[in-house]
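Undergrad: Order-wise, the sequence lines are chains A and B. Count along the first sequence from 1, add 306, and you get the number used in this note's numbering. Count along the second sequence from 1, add 1497, and you get the number used in this note's numbering. Every residue, glycine too, gets a C-beta built ideally from N, C-alpha and C.
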Amino acid sequence: MSLHNAYSVLYIGALSVLVVLTILCFIRAIKGPSIADRIVSINMIGTQILIMIGLVALLIGEGYLTDVALIYALISFLAVVVLCKVYMGVFLERRAQEQEEQHNA
Amino acid sequence: MLEWLRFILTAGLLISGLIILITAVIGVYKFDYVLNRMHAAAMGDTLGLLFCLLGLTVSAPDLATALKLLLIICFLWVASPVSSHLIARLEVTINPRWQQLPPTPGKDEKEEEDSP
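1) Just to make sure I have the definition right: I need the residues of chain B whose C-beta is within less than 9 angstroms of the C-beta of residue 410 (chain A). Which are they?
2) Can you give me the start and stop residues for the alpha helix (DSSP H) that residue 1524 (chain B) sits inside?
3) I need the DSSP call for residue 357 (chain A), collapsed to helix, strand or coil.
4) Taking the alpha-carbon positions, what's the residue 347 (chain A) to residue 1563 (chain B) distance?
5) Got a sec? Which residues, its chain only, sit under 6 angstroms from residue 1566 (chain B) by beta carbon, not counting five neighbours each side?
6) At a Cβ threshold of 8 angstroms, is residue 1522 (chain B) touching chain A?
7) In the DSSP assignment, the alpha helix (DSSP H) including residue 1570 (chain B) goes from what residue to what residue?
8) In terms of alpha-carbon separation, which member of A:407, A:367, A:411, A:342 lies closest to residue 1586 (chain B)?
9) Which residues in the same chain as residue 1545 (chain B) place their Cβ atom closer than 7 angstroms to its Cβ, once the five residues preceding and following it in sequence are excluded?
10) Output the distance between the C-alpha atoms of residue 1534 (chain B) and residue 349 (chain A), rounded to the nearest integer angstrom.
11) Tell me the rounded alpha-carbon separation between residue 1605 (chain B) and residue 1556 (chain B).
12) At the 8 angstroms Cβ level, is residue 340 (chain A) part of the contact set with chain B, yes or no?
13) With distances taken from CA atoms, which of B:1580, B:1537, B:1532, B:1569 is nearest residue 1597 (chain B)?
14) Mind reading off the beta-carbon distance from residue 1528 (chain B) to residue 1537 (chain B)? Whole number of angstroms is fine, and I expect it under 8 angstroms.
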């Protein structure tokens, strides 16, 4: 077996394992009882897809795909931060509204 | 010969990273509360990513690609604790019964499911 074939087998095997893990995380994100469960799963999916982009970049021998991976890391972090802030803001606003209604009644 | 040595190093690092990622997913399924699940998920986010991307760095075709992969590791090691902290604070804020041990799965959290 030549070296090129060995690299292909290694990268494609790793990609297959990562695809299965991503699907399992997706099922967890759908099933997860609370909102924080879903955000944790989405964070894990982001990490696994980051590794998949790196693997594809080396598999097809194009170095510029690592730029895509870098931008993906930035955007996935931003998504988690924004989702947490939005859900916390909605919850606090609703609680303040309920307290105001109790105060008026 | 040296090329094969590099391949063996890449394969070893990549496979250990994948084993750690599999462990993280199993942990996410085994635990039954968010603050426990986060522990398993953070392990995959830091150590699994470090091993996988170090394995890719060893066999990178040129220097720029290797440096970009190392930059991704540095960025995610800074970003992952911040997002874990935010998720934990969200859970503590939203769920008023987070301190009860063992957390009652299903009954209490079903009410808050999909609510916001």
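TA: Based on what the coordinates show:
1) Residues of chain B passing the Cβ test: none, with the nearest at roughly 23 angstroms.
2) 1499-1527
3) helix
4) 28 angstroms
5) 1550, 1553, 1554
6) yes
7) 1560-1591
8) A:342
9) 1514, 1517, 1518, 1521
10) 12 angstroms
11) The predicted model places residue 1605 (chain B) with a pLDDT of 48, which falls under 50 and marks its position as unreliable, so this point remains unresolved.
12) yes
13) B:1532
14) 6 angstroms
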